[in-house]
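Residue numbers (our numbering), protein chains in the order written: chain A, 16 to 296; chain B, 169 to 490. Using N, Cα and C, we set each Cβ at its ideal position, and we do this for glycine too.
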Amino acid sequence: MKTNTVIRHTLTHLFIITLGVLMVYPILWMIVSSFKPNTMIFSDPGLIPKAVTLENYVTGWKGYAGTTFGRFFLNSLFMCVVAIIGNLLSCTMAAYAFARLKFVGRGLWFAVMMITLMLPGHVTLVPRYIMFNTFGWVGTYLPILVPKFLATDAFFVFLLVQFIRSLPKELDEAATIDGCSPIGVFLRIIVPLASPALVTTALFTFLWTWDDFFNHLLYLTKPETFSVSRALRTFIGDAGAVSNWGGALAMSTLSMIPAFILFFSLQKYFVQGITTTGLKG
Amino acid sequence: MHKLSGIIKFLKNNAAGYLFLAPWLVGFLVLTLYPMAYSLWLGFTNYNFTKPDATQWIGLGNYLKMFGPLFGLSEFTASTGQVMRVDPYYLKALSVTFTYVFVSVPLKLTFALAVAMLMNQKLRGVAFYRAVYYIPTLLGGSVAIAVLWRKLFEKDGLVNMFLGALGFTDLPGWITNPKYALWTLVLLTVWQFGSSMIIFLAGLKQIPQEYYEAASVDGANKVRQFFSITIPLLSPVILFNLVMQMIGAFQAFTQAYIIGGGRGGVLNSTLFYTLHLYIQGWAYRELGYASAMAWVLLLVIGVLTAIVLRTSNLWVSYGTGE
Numbered sequence: 016m017k018t019n020t021v022i023r024h025t026l027t028h029l030f031i032i033t034l035g036v037l038m039v040y041p042i043l044w045m046i047v048s049s050f051k052p053n054t055m056i057f058s059d060p061g062l063i064p065k066a067v068t069l070e071n072y073v074t075g076w077k078g079y080a081g082t083t084f085g086r087f088f089l090n091s092l093f094m095c096v097v098a099i100i101g102n103l104l105s106c107t108m109a110a111y112a113f114a115r116l117k118f119v120g121r122g123l124w125f126a127v128m129m130i131t132l133m134l135p136g137h138v139t140l141v142p143r144y145i146m147f148n149t150f151g152w153v154g155t156y157l158p159i160l161v162p163k164f165l166a167t168d169a170f171f172v173f174l175l176v177q178f179i180r181s182l183p184k185e186l187d188e189a190a191t192i193d194g195c196s197p198i199g200v201f202l203r204i205i206v207p208l209a210s211p212a213l214v215t216t217a218l219f220t221f222l223w224t225w226d227d228f229f230n231h232l233l234y235l236t237k238p239e240t241f242s243v244s245r246a247l248r249t250f251i252g253d254a255g256a257v258s259n260w261g262g263a264l265a266m267s268t269l270s271m272i273p274a275f276i277l278f279f280s281l282q283k284y285f286v287q288g289i290t291t292t293g294l295k296g
Numbered sequence: 169m170h171k172l173s174g175i176i177k178f179l180k181n182n183a184a185g186y187l188f189l190a191p192w193l194v195g196f197l198v199l200t201l202y203p204m205a206y207s208l209w210l211g212f213t214n215y216n217f218t219k220p221d222a223t224q225w226i227g228l229g230n231y232l233k234m235f236g237p238l239f240g241l242s243e244f245t246a247s248t249g250q251v252m253r254v255d256p257y258y259l260k261a262l263s264v265t266f267t268y269v270f271v272s273v274p275l276k277l278t279f280a281l282a283v284a285m286l287m288n289q290k291l292r293g294v295a296f297y298r299a300v301y302y303i304p305t306l307l308g309g310s311v312a313i314a315v316l317w318r319k320l321f322e323k324d325g326l327v328n329m330f331l332g333a334l335g336f337t338d339l340p341g342w343i344t345n346p347k348y349a350l351w352t353l354v355l356l357t358v359w360q361f362g363s364s365m366i367i368f369l370a371g372l373k374q375i376p377q378e379y380y381e382a383a384s385v386d387g388a389n390k391v392r393q394f395f396s397i398t399i400p401l402l403s404p405v406i407l408f409n410l411v412m413q414m415i416g417a418f419q420a421f422t423q424a425y426i427i428g429g430g431r432g433g434v435l436n437s438t439l440f441y442t443l444h445l446y447i448q449g450w451a452y453r454e455l456g457y458a459s460a461m462a463w464v465l466l467l468v469i470g471v472l473t474a475i476v477l478r479t480s481n482l483w484v485s486y487g488t489g490e
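Have a look at this one:
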């Protein structure tokens, strides 16, 4: 009986490992291939390179149109930081109102917020574009960043509402009796206690802004404003007939590093975010 | 005087709530509600970005442009008297998207559930395995992975190298062959089952172990246990995953855009709905038509979600009342 279990567990481990290797093989191959000389990339399906070079990183980094990938990375980073600030401010405020404050129409607005959670963004796309164009914002970061300050990512509002509701109500009641205003309760009690959910919000805001392509395609028109994802797309071109595939793979590999670092250092926040709201992906 | 104090009291009671709600409320009114109404109106016009002054109400013109081929039309006269051509690619985009959604979502969920069950055992290193299986989901939506995918499934790509080594000959270029191109995208989607897997895993952990023990005492085998315990108790989670994944799949864009090189691929075999919408709106500047398309997408998603939720009482069980 005992050996039976051992054998079964060993087999399960083997199966999980084999499937896991198969799953991440393309990504491993991409990383390894980015260090292979350009001519060897597609003749070698293995993971151990016969020759190692940094040439792809050097040529890829040069970017195009006189703009290096250094600039693209800074652009992406800038957008992510501002987006995080915007989402943290606006979504936490809305969530606090929904979860803790009493006001006329709360039930209605909450229902509306839940509906927007499921709304395909395409029904607002064209008017938003026309509106932002009238403001002269197309070609700048404003169409991407301003909505973050207006809590348009309902997912995070929902996530934070769920979290704040789970906090003991006695704490803010006690603070209110002690003369704390709603603003005081928010800043001194809710925000500090909700910090795990705030980390989750910041984390997913970063990933989604970093990986976003559609909005960057619509609104970023000048190469010097391009994000990494937008730049990668132009780098490979329409026909994909670029000669510098090594450079493309090298820059693609670099573009994945932030997600890797965040994922492995903040894993529990990922799991929390996914299980409480079913964050898409 | 009495009335005034009433108003002040009302304001006092509601001020804090609306103060904190203000950013969201402004965002909802300006960036969601107004655009929705505006795009509904645009859908009945011939608004073109290059000549907005010439915008005319064309009634159901845009909708006829989409569904005209169903009635054998190739052109028709709009209410303005102008002759409009139907969109020869719209129905193709619709069928590509439906195929993609109805194949990739069930496959993805099946896979996610299978792997979640595999990991829901007292095994060492489950946290690590879970992390590894989540990696494709973590990176999958990025342009980088789409670039990689295109390279993998080319005629001389990595996949064919492996298949060639296994003895297969006459291998097609998977991306460039209209028969297979969509399936590479389905595979790319199924590969990213990580989020659903994590949700299933959390759901499985909620099922009390005693149920299984009691069932095996009663002589129920593993298959029986799966269908009589796991599936019913997990059904709310399955429903949730199904709805969210379906809504998401209808809106897939980036991967099709990159793999098709900004178009719908060979013979429009990967012309996703949103990609067609983008091409109509931003390459041809037909924003009135694009708005109408967006509303049809909203209706399709809304109706399908309603159907899934309505029929869910047939297979979803909440709680264990007894």
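Segment limits, alpha helix (DSSP H) that includes residue i
| i | result |
| --- | --- |
| B/Met414 | 399-418 |
| A/Met266 | 260-280 |
| A/Val153 | Note, A/Val153: premise wrong, no alpha helix (DSSP H); not H, not E. |
| B/Arg478 | 455-479 |
| A/Val96 | 84-115 |
| B/Gly185 | 170-195 |
| B/Tyr301 | 294-308 |
| A/Thr249 | 243-251 |
| B/Arg392 | 390-393 |
| A/Arg121 | 121-133 |
| A/Trp76 | 70-76 |
For residue i, the first and last residue of its enclosing beta strand (DSSP E)
| i | result |
| --- | --- |
| B/Phe244 | 243-245 |
| B/Val251 | 251-253 |
Beta-carbon gap between residue i and residue j smaller than 8 Å
| i | j | result |
| --- | --- | --- |
| A/Leu264 | A/Arg245 | no |
| A/Ala274 | B/Leu306 | yes |
| A/Gln282 | B/Ala280 | no |
| B/Trp192 | A/Ala109 | yes |
| B/Asn182 | A/Val119 | yes |
| A/Val47 | A/Pro64 | yes |
| B/Tyr441 | B/Val354 | no |
| B/Asn409 | B/Ser364 | yes |
| A/Val138 | B/Ser207 | yes |
| A/Pro211 | A/Tyr284 | yes |
| A/Gly33 | A/Gly262 | It should be pointed out that residue 33 of chain A corresponds to Thr in this sequence rather than to Gly. No, Cβ-Cβ distance for A/Thr33 and A/Gly262 is not below 8 Å. |
| A/Val141 | B/Ala462 | yes |
| B/Ala184 | A/Pro197 | yes |
| A/Leu174 | A/Gly288 | yes |
Supposed contact pair residue j and residue i - C-beta distance, whole angstroms, cut 8 Å
| i | j | result |
| --- | --- | --- |
| B/Ile226 | B/Ser247 | 6 Å |
| B/Ile366 | B/Tyr302 | 7 Å |
| B/Asn288 | B/Arg453 | With a Cβ gap of about 52 Å, B/Asn288 and B/Arg453 do not count as contacting. |
| A/Tyr111 | B/Phe188 | 5 Å |
| B/Leu326 | B/Leu320 | 5 Å |
| B/Leu482 | A/Pro135 | That pair is no contact at about 26 Å. |
| B/Trp359 | B/Pro304 | 5 Å |
| A/Val127 | B/Phe368 | Contact doesn't hold; Cβ gap of about 30 Å is too wide. |
Alpha-carbon spacing of residue i relative to residue j, whole angstroms
| i | j | result |
| --- | --- | --- |
| A/Lys117 | A/Thr215 | 26 Å |
| B/Phe418 | B/Thr438 | 13 Å |
| B/Lys233 | A/Val36 | 48 Å |
| B/Val194 | B/Ile175 | 23 Å |
| B/Val411 | A/Met133 | 9 Å |
| A/Val153 | A/Tyr234 | 5 Å |
| A/Leu269 | A/Thr20 | 43 Å |
| B/Lys390 | B/Lys290 | 17 Å |
| A/Leu165 | A/Leu186 | 28 Å |
| A/Ile276 | A/Leu222 | 11 Å |
| B/Pro256 | A/Tyr79 | 37 Å |
| B/Gln250 | B/Leu262 | 26 Å |
| B/Ala388 | B/Thr398 | 13 Å |
| B/Leu275 | B/Thr265 | 15 Å |
| A/Phe88 | A/Ser267 | 12 Å |
| A/Ala254 | B/Gly428 | Because the pLDDT of A/Ala254 is 49, which lies under 50, any placement of that residue in the model is unreliable, and the number read from its coordinates should be weighed accordingly. Answer to the nearest angstrom: the Cα atoms are 9 Å apart. |
| A/Tyr156 | A/Lys237 | 11 Å |
| B/Met204 | A/Phe170 | 19 Å |
8 Å CB neighbourhood of residue i in its chain, flanking five on each side removed
| i | result |
| --- | --- |
| B/Gln374 | Leu401 |
| B/Thr278 | none |
| A/Val44 | The sequence shown places Trp at residue 44 of chain A, not Val. Counting only Cβ-Cβ distances below 8 Å, and skipping sequence neighbours, we find Pro60, Leu62. |
Contacts around residue i, its chain only, beta-carbon distance under 7 Å, and the 5 residues preceding and following it disregarded
| i | result |
| --- | --- |
| A/Phe103 | Just to set this straight, residue 103 of chain A is Leu in the shown sequence, not Phe. Excluding sequence neighbours, A/Leu103 sits near Leu213, Thr216, Ala217. |
| A/Tyr144 | Leu233 |
Contacting residues, own chain, Cβ-Cβ under 6 Å from residue i (five flanking each side not counted)
| i | result |
| --- | --- |
| B/Asp324 | none |
Can you give me, in chain order, the residues of the segment 31-47 of chain A that have a beta carbon less than 7 Å from any beta carbon in chain E?
Although the question refers to chain E, the structure presented lacks it and instead comprises the protein chains A and B.
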